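A.B. asks: Below you'll find the structure I mean.
In this note's numbering, the protein residues as written are 254 to 443.
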């Protein structure tokens, strides 16, 4: 792992623990970092935090304030962070089920979402269950037990439906987003 990313992740986990206290029971690198495919200048940093109980509104906002790029500069394209309750992470639900979603970075539009109902449907609601499934397989534990002990896969029918939704979303894009896989690699990512 890139040494700048490692230092960043260590600081991110420390700041998350300072805000969430003992409710923070896990922190996991996902995406390119978890898969060992991080590319400086191209990749973003994906992190999932796992908490014991629902996070109160003021605590959600404090977490975003402490982790956003302006407070903790991300050495990558940006940070994509999602906070899940432990029961959601281990449920296999196809629903988003997050407590907080934060996208922030020097070359990434800022977005903080505090409730799945506020996530625009056009941006895709399939990401979360697919990401939790990938975390189960290849998440890198930064804090807490191994990812395979925390995250669950959706059932086979839900997984198929979510993959179809993801492919339709990708194919409907006029141009691939900045961190899209190389043409033809989408199926390898999924």
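Where is the CB? At the ideal position from N, CA and C, for every residue including glycine.
Here the structure is a predicted model, which means the values were calculated and not measured.
Please determine if the segment 363-373 and the segment 409-418 are in contact, where contact requires at least 3 C-beta pairs separated by less than 8 angstroms.
C.D. replies: no
A.B. asks: Could you check where the alpha helix (DSSP H) with residue 261 kicks off and where it finishes?
C.D. replies: 256-273
A.B. asks: Are the beta-carbon atoms belonging to residue 329 and residue 297 less than 8 angstroms from one another?
C.D. replies: yes
A.B. asks: Using only the alpha-carbon positions, how far apart do residue 323 and residue 284 sit?
C.D. replies: C-alpha separation (whole angstroms): 22 angstroms.
A.B. asks: When DSSP labels each residue in this structure, what does residue 332 get in the three-state scheme?
C.D. replies: strand
A.B. asks: Would you grab the beta carbon distance between residue 261 and residue 388 for me? Rounded to a whole angstrom, and I think it's under 8 angstroms.
C.D. replies: Not a contact, Cβ separation roughly 19 angstroms.
A.B. asks: Which of the three DSSP states is assigned to residue 412 in this structure?
C.D. replies: helix
A.B. asks: Is residue 299 buried or exposed, if buried means 16 or more other CB atoms sit within 10 Å of its CB?
C.D. replies: buried
A.B. asks: Taking only the alpha-carbon atoms, compute the straight-line gap between residue 302 and residue 427 and give it to the nearest angstrom.
C.D. replies: 32 angstroms
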